[in-house]
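One structure below.
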Amino acid sequence: MGSRRDQKECRIWVETLIVSIFFVALSALLIGASTCCAQDSASEPVLLGNKPLDGRPLSTLSTNPPQEKSTRNVELPETESAPVSLANRLIKHLDAVLDSRIESVQPLRCWAESTKQRIHGVVLFLGQKNSKDAEVQQSLLERSAIQLAEIRKTWKPQPITQDDEPTKKEDYVPTVVALEEIQLELERWALLCRQSIIAMGGETYPLAKLFGKSVTDLQQLQERTQVAQDFFLGEKRTLAKGLFVGALWSEHLEAGKFLGDLDACQKMIGQPNRRVAALVSTIPISSLVSFSDRANAILAKLDDSVLKDEQKKFLGVPAIEAWKEELRLWTSDTVSPLELLSAVDAYETTAGTSDMARLSQLTARLLVSRSIAFRKLGLLTTELYGGPNAKVYISKDFLNRLLPVSEPEEASFREVIQGQPVSGKRRVEKEVELNLIPASDRLLLSLDVKGTVQTSSRANAFATTLFNNGHADYSARKRIELTEDGFRLLPSQVVVKNNRVLLKNIRTDFDGVPVLSGLFREIVLGQYESRQGGARAETSRKIAQQAKNRIDLETAERFDEINDQFRGGLLDTLKQLGLSIETQNAKTENDWLLGSWRLVGNDVLSGSTPAPTTQSGSFADLKIHESAINALIGKLDIGGRQMSVGEFRKEIATKFLKPEFVVDEIDEDNDDVQIAFAVENPVVVRFADGRIEITVSIESLKIQRQTFRDFKGIVYYLPGETPDGKLLLQRDGIVSLVNVKAQLRSQIVLRAVFGKIFPVGRPLSLSPKVFDTDPRFADLKTGLCQIEKGWFSIALVAKE
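Written out as structure tokens, the structure is:
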């Protein structure tokens, strides 16, 4: 197929692609978010018949969403008189049931047939804008979901036997998990259809009226925005607490930012009296849509029904009224319900970054719609695809394994107690434990220390030396909170108790003098006893302060190092990619830390399915949704770009802040392997049916003198174990090639290339090396790997 050098470059490509896209995200979240585990509270979906749906839609699409075009060739939204093909993935699941001739599946066939008809019906009537009939079909879809929930309660599928005599590979028996996924799809689809029907009957603002806008109209909008901004910044009346009303309103409405964008647009045009739609080289249609969306958002805030009378009076001045009048000339809704449903379908079908971005953009536009019904449709979509895509649960038992073993500490000391110098030896023994502080909205724990201080000391006073044995117990607590920015530490609190001192001996300079020595000892003992209370109090304060300083210093050193790794690793990498972490849920129970987060960024969405339930026997658990991995892939911005393997390596190294991905011994100048990824969804990772699916879409691949165009390579990975019980991911089956000519030579070359990219003989280890080197984890291993419904879950469990 090629030289050894070509094979080496292909090997490096896979290491870059797999390690950077998949395991950088996996290990970063594992290290940075303190991997944990617990019982998942959302293991069962909420049924339609009990309360409003809390499920997530998984509808799909066969039509491609329209791409944004320049003003030279603008296509207005098509009329919706004809139905659009939707819910294809859901229908595919139903067809699998209908096609199966397995005896145990037959009770489902009648249900699947009626459900399929209801889906086709609601799509048909939505396309015809027949709200009445569409609503009837939507209600029947809700009934189908309720029926399936009842079926699931008693579903006990039987394996395929010889008596079934299956003749087609499509014959299958759906598992309980598969039925749950179908039910969740139905529930989400019913929810979206319900709100889409309502939105269809609401007022819409078509995009078409924007095409008649001239540069003069843009200048008018700019001028009135400037007048409004001048009013805000010049307004000095104050409300309670001395807040400047005008400046706050300007910030709330983002008037200054809007004005800046308008100014930049005017400078770019520089050609007054020409139609905006004709300025193909300067103003794309996206700019008009952007101004329309901004006008929608500002008007929604200015017309907010919750405004108080004083606020309405303040905003009723001529400058703001004229601005509102101008803004209304720019409002438009550019998203139809069917267009949104098509985008939902596409995203659920592919999970790809391009379809994720498309759905995110449409949802953002709906959220600033002038129509309340359209805004509610956008809010619903946001809720359905705004859930967590990373969950980390950790048990109290596992946390305490992270603590180092405490050894007794012995040292000499010199101090001053009650104005007298004291010296001797000190022995400190302590027990350290991490405990969890129950909280409904925070991740809180405490470092609790129980210590004992024993001393053997001598104190010198005028002609006297006192020998003492001391004992004191203390307890300390340091509160720690896990936040999106790392660990936050509060000062330690220390309490000393049982502080007592036993006078062991007295030595004086008069011990050899009869009578005088006894009299002198009596005087010394009297002074000693009179000052004993103050000495104990001062000793307790010193013990408490020393323990506090020691605990604060040691914890600061340890957690500062962890925070530096977390911020310099995960957070900086995400920032480099234009992403951040948002907490979805933070809960502390008596024995578990339960944390859920999602990645936030432009054109980023989450999944819509509940995470797998954490299995019993787990010490910690990490769950990652495929949307988190695909969001990282999307930020690589490789779609439609052509680069060599070396250039690709460098780009990955830069964006992921991983210079080790660049291999210096390869001569980059002679790198003749050229890759051009597809524009749409170049690389997609999916977690389903117990395996990982990786799809790589290639526009062109050049290796030596051969060029291969417009094809896909699909590989699967399954969890497995080594003979000694270590968890790993290994490739399953052969590489699937899509849209590749049947010539034997082409098949051999491309399979060899993908075989080097995803080698069969090099599984990916999921067992941290620390488990082999640290005795604290000697009895633990990674296991209980679950891959289903878009989630990858891995737990820490005890070795058998």
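In terms of my numbering, the sequence shown opens at residue 3 and continues consecutively.
We put the beta carbon where it would ideally sit given N, CA and C, even for glycine.
Query: Report the partner residues of Tyr395 according to the DSSP bridge assignment.; Result: Leu596 and Asp623
Query: Give me, in chain order, the residues of the same chain whose beta-carbon lies closer than 8 Å to that of Val229; leave out the 5 immediate sequence neighbours on both sides.; Result: Ala321, Ala324 and Trp325
Query: Would you call Arg367 buried or exposed, if buried means 16 or more other Cβ atoms sit within 10 Å of its Cβ?; Result: buried
Query: DSSP state of Arg444, grouped into three classes?; Result: coil
Query: Does Gly535 come within less than 9 Å of chain D when only Cβ atoms are used?; Result: The chain inventory of the structure shown lacks chain D, comprising one protein chain alone.
Query: State buried or exposed for Phe415, treating a residue as buried only when at least 16 other CB atoms are found within 10 Å of its CB.; Result: exposed
Query: What whole-angstrom Cβ distance do Val550 and Ser494 have, given they're in contact under 8 Å?; Result: For clarity, residue 550 is Lys in the given sequence; the question names Val instead. The Cβ separation is near 5 Å, so the contact holds.
Query: Quick one: Cα of Ala678 to Cα of Gln749, how far?; Result: 19 Å
Query: Can you confirm whether the region 102-112 touches the region 130-138 when touching is taken to mean that 3 or more C-beta pairs between the two stretches lie within less than 8 Å?; Result: no
Query: What distance in whole Å lies between the Cβ atoms of Leu188 and Leu143, which are believed to be in contact at a cut-off of 8 Å?; Result: 6 Å
Query: Please go through the same chain and pick out, in chain order, the residues whose beta-carbon is closer than 7 Å to the beta-carbon of Lys506, but skip the five residues on each side of it.; Result: Phe469, Asn470 and Asn471
Query: Going by the DSSP bridge assignment, what does Ile508 pair with across the sheet?; Result: Leu468
Query: Going by Cα to Cα distance, which pick from Ile439, Lys432, Leu92 and Ala478 is closest to Pro410?; Result: Lys432
Query: At the level of alpha carbons, what is the spacing between Asn565 and Gln578?; Result: 18 Å
Query: Figure out for me which residue from Thr384, Phe464 and Leu436 has the closest Cα to the Cα of Pro423.; Result: Phe464
Query: Please classify Asp605: does DSSP put it in a helix, a strand, or coil?; Result: coil
Query: Measuring CA to CA, which of Asp232, Gln224, Val107 and Thr156 is closest to Pro176?; Result: Val107
Query: Please go through the same chain and pick out, in chain order, the residues whose beta-carbon is closer than 6 Å to the beta-carbon of Ser769, but skip the five residues on each side of it.; Result: Lys728, Leu729 and Thr784
Query: Look up Pro104 in the DSSP assignment and say whether it is helix, strand or coil.; Result: Inspection of the sequence shows that residue 104 is occupied by Ile rather than by Pro. Coil.
Query: Please state whether DSSP places Glu411 in a helix, a strand or coil.; Result: strand
Query: So, helix, strand or coil for Ser629, using DSSP?; Result: helix
Query: Suppose only complete runs of 4+ residues qualify. What are the alpha helix (DSSP H) ranges in the region 679-712, listed by chain order?; Result: none
Query: Would you kindly report the start and end of the unbroken alpha helix (DSSP H) that includes Arg330?; Result: Pro320 to Arg330
Query: When the Cα atoms are used, what is the spatial distance from His627 to Val740?; Result: 26 Å
Query: Alpha carbons only, please: which of Leu223, Gln221, His254 and Leu220 is nearest the one belonging to Leu235?; Result: His254
Query: Going by beta-carbon coordinates alone, are Gly609 and Trp793 separated by less than 9 Å?; Result: yes
Query: Could you tell me the distance, in whole angstroms, from the CA atom of Lys625 to the CA atom of Lys155?; Result: 26 Å
Query: Inspect the beta-carbon positions of Ser795 and Thr616 and report whether they are closer than 9 Å.; Result: yes
Query: By alpha-carbon positions, which one of Gln119, Lys480, Phe689 and Ala345 ends up nearest to Lys452?; Result: Lys480
Query: Measure the alpha-carbon distance for Gln420 versus Asp487 and round it to whole angstroms.; Result: 45 Å
Query: Less than 8 Å between C-beta atoms, sequence neighbours within five positions excluded: which residues of the same chain meet that for Asp553?; Result: Checking the displayed sequence, the identity of residue 553 turns out to be Ile instead of Asp. Once the five neighbours on either side are set aside, the close Cβ partners of Ile553 are Leu449, Val451, Ala478, Lys480, Ser494 and Val496.
Query: Write down every uninterrupted run of the beta strand (DSSP E) in the region 349-402 whose length is 3 residues or greater and which is fully enclosed by it, in chain order.; Result: 392-397
Query: On the CB-based measure, 16 or more other CB atoms within 10 Å of its CB, does Arg377 come out buried or exposed?; Result: buried
Query: Does the distance from the C-beta atom of Leu782 to that of Phe658 stay below 9 Å?; Result: no
Query: Determine the contact status of Gly692 and Glu563, defining contact as a CB-CB distance below 9 Å.; Result: no
Query: Over what stretch of residues does the alpha helix (DSSP H) that includes Gly236 continue unbroken?; Result: Val217 to Gly236
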